[in-house]
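Residue numbers (the numbering used here): 512 to 784.
For every residue, glycine included, the Cβ atom is placed at its ideal position computed from N, Cα and C.
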Amino acid sequence: MSENSTVYKSISNSYEEASMELRRGPWTLEEDNLLIHYISCNGEGRWNSLAKCAGLKRTGKSCRLRWLNYLKPDIKRGNLTPQEQLLILELHSKWGNRWSKIAECLPGRTDNEIKNYWRTRVQKQARQLKVDSNSNKFLEAIQRFWMPRLLEKMEQNSSVTSSPSSMDTQNSSPPSLVTNPTPSMSPVSENEQPENSVIPSQVCDNIADEHSVQDDYHVDITSYDMSALVSEDISMSEFQVSEFGWFGEDLTCTSWNTDELWEFRKPDQELGL
DNA sequence: AACTTGCACAACCGCAGATAA
DNA sequence: CTTATCTGCGGTTGTGCAAGT
């Protein structure tokens, strides 16, 4: 990428504005280094003065965004794992487009990344299904088709990561997603943790370790018969996420098992899925 | 090989709330 | 109390790349 072609000055017709010469567009390696070095010495915050003191011809906003979304050391790169996707789907159903709040529950993931994921992957599915991504119908499709597939992939991954060739040497046992939940270890704060969440806390624990797996985690639900959703004699009240979690039952107790999970796949199977 | 299209993601913009003066 | 500035959030846009034609 040519710097000259991508970094451009803001439109400026006056000498005064030209003298400010604020840079926009993609960050250069040099700018990144300046920002990293300055923050490592002085800490983050006070972004406007930081931008000036660091010698960056950027707005404070731009510096903050660059740091939080890209340069911060604990930022996780790579595909979202099924666990993370599952968590996003649930939390979005609960909190809506509160990306920063959702991001708090996914260590190392930024609100921007989650927002992008939602727009590019989730909304794409909704478009292809010709339903509104905020509709109950789409929510139900996620619950009944998408999430079981993600859980399936999680199970596959857990068997892969437990193999001798696994990179996961810290935890030699399979990520016990369903057998030994440890609620107290959930990264979600006590105050913020979704009530009756069906997402096992162990899943949350494993999220931080899963990003080494760069497999194809995309799940496509558009091949499923959406008409089944409207014809099914299943009340939406069964799926009131805010009340009973994803699978329509009271999961106040976070101790859940595989059988319970797949029990809710039966309607799909009856539909010939 | 050239062109088009769609996707993924980085970055920007506008707004609102918080804080300082 | 009022005003100005800063900060954070969510929505949107721009760009590079890959796949398809």
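Using a Cβ-Cβ cut-off of 7 Å (strictly less than) and excluding sequence neighbours within five positions of residue i, which residues of its own chain qualify?
i, result
"Trp610", "Asp622, Ile625 and Lys626"
"Leu561", "Tyr549, Gly571 and Cys574"
"Ala637", "Asp643, Ser644 and Phe649"
"Tyr628", "Leu591 and Ile599"
"Trp578", "Leu546, Ile550 and Glu555"
"Ile653", "Leu600"
"Thr631", "none"
"Asp585", "Gly619"
Can you give me the C-alpha to C-alpha distance between residue i and residue j, rounded to a whole angstrom?
i, j, result
"Gly566", "Leu540", "14 Å"
"Leu640", "Leu602", "21 Å"
"Ser683", "Leu600", "With a pLDDT of 32 at Ser683, under the threshold of 50, the modelled position of that residue is not reliable, and the figure given next carries that caveat. Their Cα atoms are separated by approximately 28 Å."
"Asn553", "Leu546", "10 Å"
"Glu542", "Glu555", "15 Å"
"Val633", "Gln667", "22 Å"
"Ser805", "Cys564", "There is no way to answer for residue 805, as the model of the chain reaches only from 512 to 784."
"Asn580", "Arg535", "16 Å"
"Glu651", "Lys635", "16 Å"
"Glu615", "Leu582", "17 Å"
"Ser669", "Asn544", "38 Å"
"Arg655", "Gly589", "27 Å"
Report all residues from its chain with a CB closer than 6 Å to the CB of residue i; omit the five preceding and five following residues, and keep chain order.
i, result
"Leu576", "none"
"Ile745", "The predicted position of Ile745 is uncertain, since its pLDDT is 37 and thus under 50; a value taken from the coordinates is nonetheless stated next. Correct list: empty, nothing qualifies."
"Pro593", "Leu661, Lys664, Met665 and Tyr728"
"Lys612", "Trp606"
"Asn608", "none"
Taking DSSP as the reference, what is the three-state secondary structure of residue i?
i, result
"Arg569", "coil"
"Arg557", "coil"
"Arg577", "helix"
"Ser687", "Its pLDDT being 31, under 50, Ser687 is placed unreliably by the model, and the measurement read from it follows with that caveat. In this structure, Ser687 counts as coil in the three-state DSSP scheme."
"Asn544", "helix"
With residue i and residue j assumed to form a contact (beta carbons below 8 Å), what rounded beta-carbon distance in angstroms separates them?
i, j, result
"Met658", "Leu597", "6 Å"
"Lys568", "Glu532", "6 Å"
"Arg620", "Glu595", "7 Å"
Once you ignore the five residues that flank residue i on each side, which residues in its own chain have a CB closer than 8 Å to its CB?
i, result
"Asn559", "Thr570 and Gly571"
At what residue ranges does the region 591-678 contain a whole run of the alpha helix (DSSP H), taking only runs of 4 or more? Listed in chain order, they are 593-606, 610-615, 622-628, 634-640, 647-652 and 658-672.
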